[in-house]
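Colleague: According to the numbering used here, the sequence shown is numbered sequentially starting from 1.
Beta carbons: idealized from backbone N, C-alpha and C, even for Gly.
Have a look at the structure that comes next, please.
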Amino acid sequence: MRFTRYHSFNDIMGYPCMKEYLKIFFSEKNLELFPKEVRHLPLALAEKLVSSPWGGSFAEVVNQLLDAVWTVLDITDSHTRRCVSLWDQASDWTPEKERKGGKDSVFLLTPEYDRHTEAGTDADRNRPAVIICPGGGYEVVCFSGEGNPVMNYMEAKGYVSFVLKYRTAPERYPAPQEDLALAVQYVREHAGEYGVDARNVMLMGFSAGGHLCGSFGCLYGEIAEVLNGETGREILPEDIRPDKLCLGYPVISFGEECHEGSFQMLTGGEESLRGPLSIELRAAENYPVTFLWTCEDDDCVPPSNAVRMAEALKRAGVPHKLCTYPSGGHGCNLAFGNSACRWTEEMIRFIEK
Numbered sequence: 001m002r003f004t005r006y007h008s009f010n011d012i013m014g015y016p017c018m019k020e021y022l023k024i025f026f027s028e029k030n031l032e033l034f035p036k037e038v039r040h041l042p043l044a045l046a047e048k049l050v051s052s053p054w055g056g057s058f059a060e061v062v063n064q065l066l067d068a069v070w071t072v073l074d075i076t077d078s079h080t081r082r083c084v085s086l087w088d089q090a091s092d093w094t095p096e097k098e099r100k101g102g103k104d105s106v107f108l109l110t111p112e113y114d115r116h117t118e119a120g121t122d123a124d125r126n127r128p129a130v131i132i133c134p135g136g137g138y139e140v141v142c143f144s145g146e147g148n149p150v151m152n153y154m155e156a157k158g159y160v161s162f163v164l165k166y167r168t169a170p171e172r173y174p175a176p177q178e179d180l181a182l183a184v185q186y187v188r189e190h191a192g193e194y195g196v197d198a199r200n201v202m203l204m205g206f207s208a209g210g211h212l213c214g215s216f217g218c219l220y221g222e223i224a225e226v227l228n229g230e231t232g233r234e235i236l237p238e239d240i241r242p243d244k245l246c247l248g249y250p251v252i253s254f255g256e257e258c259h260e261g262s263f264q265m266l267t268g269g270e271e272s273l274r275g276p277l278s279i280e281l282r283a284a285e286n287y288p289v290t291f292l293w294t295c296e297d298d299d300c301v302p303p304s305n306a307v308r309m310a311e312a313l314k315r316a317g318v319p320h321k322l323c324t325y326p327s328g329g330h331g332c333n334l335a336f337g338n339s340a341c342r343w344t345e346e347m348i349r350f351i352e353k
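The following block contains the structure:
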């Protein structure tokens, strides 16, 4: 099955298992954006009759819905993607596991790999990997804007792309960082099967996902030690250290001009963690190569977060680039349609040089 704009919202929701998966890959809240009176109409017509809550074109919502639907069908029908349960890799993630919560809710969305390919073969053809961490204020994981579309874009640019569903509130630090560590470890352990260059793994995070990736860039050693005790497995810091980072409109500081909601959701308001989890205070010379971007009109996460991080990286002598765009606001992901749309080109040009 391949749903298009000629199908209706009701057509999509009536497909087996679709609604349960879309609660994650599109979100239950976003499903409510479709008024009942247009749910029986072709999406191409519905998008002409409805405006988005933010006053823009409803076509953007429809695009994100279809991206999510195609991701679900890749998982459930064509089996060209998997949801690998990172804490119990004996079985893949399902909506039933999501209902259990905790570690059962964690998964890495992956391409399906060739189980018959031996690790290390055809190394000269291996491609760079990117692990995408959507934002959501450490309260949810926003697949619809910063997961599915970004994954599709990065695949079009030649990257083997993964998306992490990490733990959020009421789970607290270091739960999301532990999940990301297992994601990096998984990608490197299976690099041969996925055709990945194990020494070219980038983390890409947006908003709170930017904080997750950015904090992991300086905390991976501490997280490895925690996981060694928790899993009973030997995880070396160098095995999970990311090679590169891309941080989009990121939460950086939990001190000055911070996004207080992310701090509360991640730590439960534990004041002693403000300093240790303010990334600009932890950046050192061994921090990964980093690309940062933000928008001047971001009224959610102050752009000064990215600016202070760039200044910290400069002091530490870490290769980096900061791009600041006049418009785009917060949560603009690929930013098609506003001045921030060039961030993807700037990022790839910098990361690959």
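Report back the beta-carbon spacing between Ile223 and Glu178 to the nearest angstrom; my notes put them in contact at under 8 Å.
Modeller: With 8 Å as the limit, Ile223 and Glu178 qualify as a contact, their Cβ atoms being about 6 Å apart.
Colleague: Which one of Ser262, Glu112 and Cys341 has the shortest CA to CA distance from Ser78?
Modeller: Measuring from the Cα of Ser78, the nearest candidate turns out to be Glu112.
Colleague: Does the Cβ of Asn402 have 16 or more other Cβ atoms within 10 Å, making it buried, or fewer, making it exposed?
Modeller: Here the chain has residues from 1 to 353 only, and residue 402 is not among them.
Colleague: Is the stretch 16-30 in contact with the stretch 55-73, if contact means three or more CB pairs nearer than 8 Å?
Modeller: Yes, since at least three Cβ pairs between the stretch 16-30 and the stretch 55-73 fall closer than 8 Å, the two stretches touch.
Colleague: Are three or more beta carbon pairs between the stretch 253-270 and the stretch 145-162 nearer than 8 Å?
Modeller: Touching, no.
Colleague: Is the stretch 248-264 touching the stretch 200-210, taking contact as three or more C-beta pairs under 8 Å?
Modeller: Yes, they touch.
Colleague: Curious, which full-length alpha helix (DSSP H) runs of at least 4 residues does the stretch 54-131 contain?
Modeller: Those alpha helix (DSSP H) runs which fall completely within the stretch 54-131 and span 4+ residues are 59-76 and 95-100.
Colleague: Thinking just about the alpha-carbon of each residue, which of Glu285, Asn305 and Asn286 is nearest to the one in Leu292?
Modeller: If we check each option's Cα against that of Leu292, Asn305 comes out closest.
Colleague: Within 10 Å of its beta-carbon, does Gly120 have 16 or more other beta-carbons around it, so buried, or fewer, so exposed?
Modeller: Model confidence at Gly120 stands at a pLDDT of 48, short of 50, so the residue's coordinates are unreliable; what they give is reported in the following sentence. Counting Cβ neighbours within 10 Å, Gly120 comes out exposed, since fewer than 16 surround it.
Colleague: Can you tell which of Val50, Tyr186, Val307 and Cys332 has its C-alpha closest to the C-alpha of Cys323?
Modeller: Taking only the C-alpha atoms, the option nearest Cys323 is Val307.
Colleague: What three-state label does DSSP hand Ser161 in the structure shown?
Modeller: Strand at Ser161.
Colleague: Could you give the DSSP three-state label for Cys213: helix, strand or coil?
Modeller: Helix.
Colleague: Below 8 Å CB to CB, which residues in the same chain sit around Ala181 once its five sequence neighbours on both sides are set aside?
Modeller: Correct list, in chain order: Phe216, Tyr220, Ile223, Ala224, Leu227, Ile235 and Ile240.
Colleague: One question on the structure: do Tyr194 and Val160 come within less than 8 Å of each other, judged by their Cβ atoms?
Modeller: Taking 8 Å as the Cβ cut-off, Tyr194 and Val160 qualify as a contacting pair.
Colleague: Whole angstroms is fine: what's the gap from Thr344's alpha carbon to Asn10's?
Modeller: Straight-line Cα distance between these residues: approximately 34 Å.
Colleague: Which residues mark the beginning and the end of the alpha helix (DSSP H) in which Tyr6 is found?
Modeller: Element bounds for Tyr6: n/a, residue is neither H nor E.
Colleague: For Asp67, which residues from the same chain have a beta carbon less than 8 Å from its beta carbon, with the 5 sequence-adjacent residues on both sides left out?
Modeller: Same-chain partners within the cutoff: Ser144, Asn148, Pro149 and Asn152.
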